[in-house]
Amino acid sequence: MKRKNLLALLTFLVATAALSAQTQVIAHRGYWRAPGAAQNSIVALQRADQIKCFGSECDVLQTRDGVLVVHHDAHIGPDKILIEEADYDQIKDIVLSNGEAVPTLQQYLKELKKCKNTLLVLEIKEHSTDQKMLRATRDIVKMVNRMGLKKKVYYISFMPTICDELVRIAPKSQVAYLSNQMTPRQVKERGYTGVDFHYSQFEKNPLWVQECHELGLNVNVWTVNTEELMNQMLDLGVDFITTDYPEVLQKVIFERKLHGIF
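According to my numbering, the sequence shown is numbered sequentially starting from -6.
What follows is the structure, encoded as structure tokens:
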């Protein structure tokens, strides 16, 4: 092979490796700042896919009668109805700020199937008892599997009860721990595949990123909303950054690539 061709091939391989190792963008509660969207809305998921985010994060709770809904807070609506103690009929007509009805997980997953660029980072929320958390976890995994979306859903949770159950019933799935109550080694020992810590944890423990990678753990960080913090986390080499400003993070990553900073 001629020297010029060899150099061209090596340049291509280096560039490809850099791109494959690039920190990925996760839209926090979807790209909800986009026109017509709202936090955890189906439109927010659509908008995240349209701008080619790697992932779109959402939150899931379960009603008393077993319906899985996409919503962040334990309470919902002007009357502050507690979702886990309400039947779905009591909350189904509550609308988000964009006029969209609060989506069920089934509706959300149907939309996910249409996404060409984006997977779902699904947070299973804390419920008041272990029994409720286990029921929600099992029902979520069953639905994801039934709809053929195993490879398009990553799971995250603050609750070890939930993460442990995910490892048991979905052993090939990505499961990341959200709280700061464990070290990377403890996370690895429990069989989780990654950490998803607040950025302040990595400011305090910058070597944790390297430790996680040496342990074979993925590293996600939330919620990173300024360019300064984005660059700081990119410098640490995290795998994913969760942000309310995915378009800004995409710009920061693009500009770093232009300047040869990976």
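Every residue, glycine too, gets a C-beta built ideally from N, C-alpha and C.
What you are looking at is a predicted structure, and each value in this text was computed from that prediction instead of being measured.
- Query: Should the segment 81 to 94 be regarded as contacting the segment 116 to 135, the criterion being three or more beta carbon pairs within less than 8 Å?
  - Reply: no
| request: Could you tell me whether the segment 64 to 83 touches the segment 98 to 110, using the rule of 3 or more Cβ pairs below 8 Å? | output: no
Q: State the start and end residues of the unbroken beta strand (DSSP E) segment that holds D113.
A: Here residue 113 is taken as the residue at index 120 of the sequence shown, counted from 1. It is worth fixing the name first, because residue 113 is Leu in this sequence and not Asp. That run of the beta strand (DSSP E) goes L112 to I117.
- Taking 8 Å as the CB-CB cut-off, is T16 touching chain D? This model lacks chain D altogether; it includes just one protein chain.
Determine the closest residue to L75 out of E204, M223, K85 and T56, with distance taken between C-alpha atoms. Within the sequence shown, numbered from 1, the residue matching residue 75 stands at position 82. Nearest option by C-alpha distance: T56.
request  = Compare the beta carbon distance of V217 and V202 with 8 Å and say whether it is the shorter of the two.
outcome  = Taking the sequence shown and counting its residues from 1, one reaches residue 217 at position 224. Taking the sequence shown and counting its residues from 1, one reaches residue 202 at position 209. Contact: no.
Cβ shell of K250 (< 6 Å), same chain only, five flanking positions each side left out: Walking along the sequence shown from the start, residue 250 turns up at place 257. Hits under 6 Å: none found.
Exercise. Over what stretch of residues does the alpha helix (DSSP H) that includes Y81 continue unbroken?
Worked result: Counting from one through the sequence shown, the residue named residue 81 turns up at place 88. No alpha helix (DSSP H) holds Y81; DSSP gives it neither H nor E.
*Bridge-paired residues (DSSP) for G187*: As a first step, residue 187 is located in the sequence shown; it is residue number 194 there, counting from the start. BP columns for G187 point to A169 and N211.
Requested in this report: Specify the secondary structure class of F285 as computed by DSSP and reduced to three states.
Outcome: As shown, the chain starts at -6 and ends at 255. That puts residue 285 outside it, with no answer to give.
Self-check item: Residue nearest to V257 in terms of C-alpha spacing, selected from V188, L200 and H206
Solution: Here the chain covers residues -6 to 255 and nothing more, so residue 257 does not appear.
Query raised in the report: Leaving out the 5 sequence neighbours to the left and right, which residues in its chain are closer than 6 Å to L112 when beta-carbon positions are compared?
Result: For this step, residue 112 is matched to residue 119 along the sequence shown. The residues are G48 and K145.
**Message:** Per DSSP, what are the beta-bridge partners of D52 in this structure?
**Reply:** As a first step, residue 52 is located in the sequence shown; it is residue number 59 there, counting from the start. Paired residue(s): E116.
Spatial neighbours of H252 in its chain, beta-carbon cut-off 7 Å, leaving aside the 5 residues before and after = For this step, residue 252 is matched to residue 259 along the sequence shown. Once the five neighbours on either side are set aside, H252 has no close Cβ partner at all.
- Task: Tell me whether K118 is buried or exposed, calling it buried when 16 or more other Cβ atoms sit within 10 Å of its Cβ.
- Result: Here residue 118 refers to the residue found at position 125 when the sequence shown is read from its first residue. Label assigned to K118: buried.
For this session: Please work out which residues of its chain come closer than 6 Å, Cβ to Cβ, to L38, disregarding the five sequence neighbours upstream and downstream, and give them in chain order.
Result: Here residue 38 refers to the residue found at position 45 of the sequence shown. Taken in chain order, the residues that qualify are G23, S49 and E104.
Presumed contact (8 Å Cβ cut-off) between C205 and P177, rounded CB distance = Stepping through the sequence shown from its first residue, residue 205 is reached at position 212. Stepping through the sequence shown from its first residue, residue 177 is reached at position 184. Right, their Cβ atoms sit about 5 Å apart.
**Asked** Does DSSP put T9 in a helix, in a strand, or in coil?
**Response** Sequence index remark: in the sequence shown, residue 9 carries index 16 (1-based). Residue placement at T9 is flagged as unreliable, the pLDDT there being 33, under the threshold of 50; the coordinate-derived value follows with that caveat. Helix, per DSSP.
ask   = alpha helix (DSSP H) containing V245: first to last residue?
value = Taking the sequence shown and counting its residues from 1, one reaches residue 245 at position 252. Unbroken alpha helix (DSSP H) run through V245: P239 to L251.
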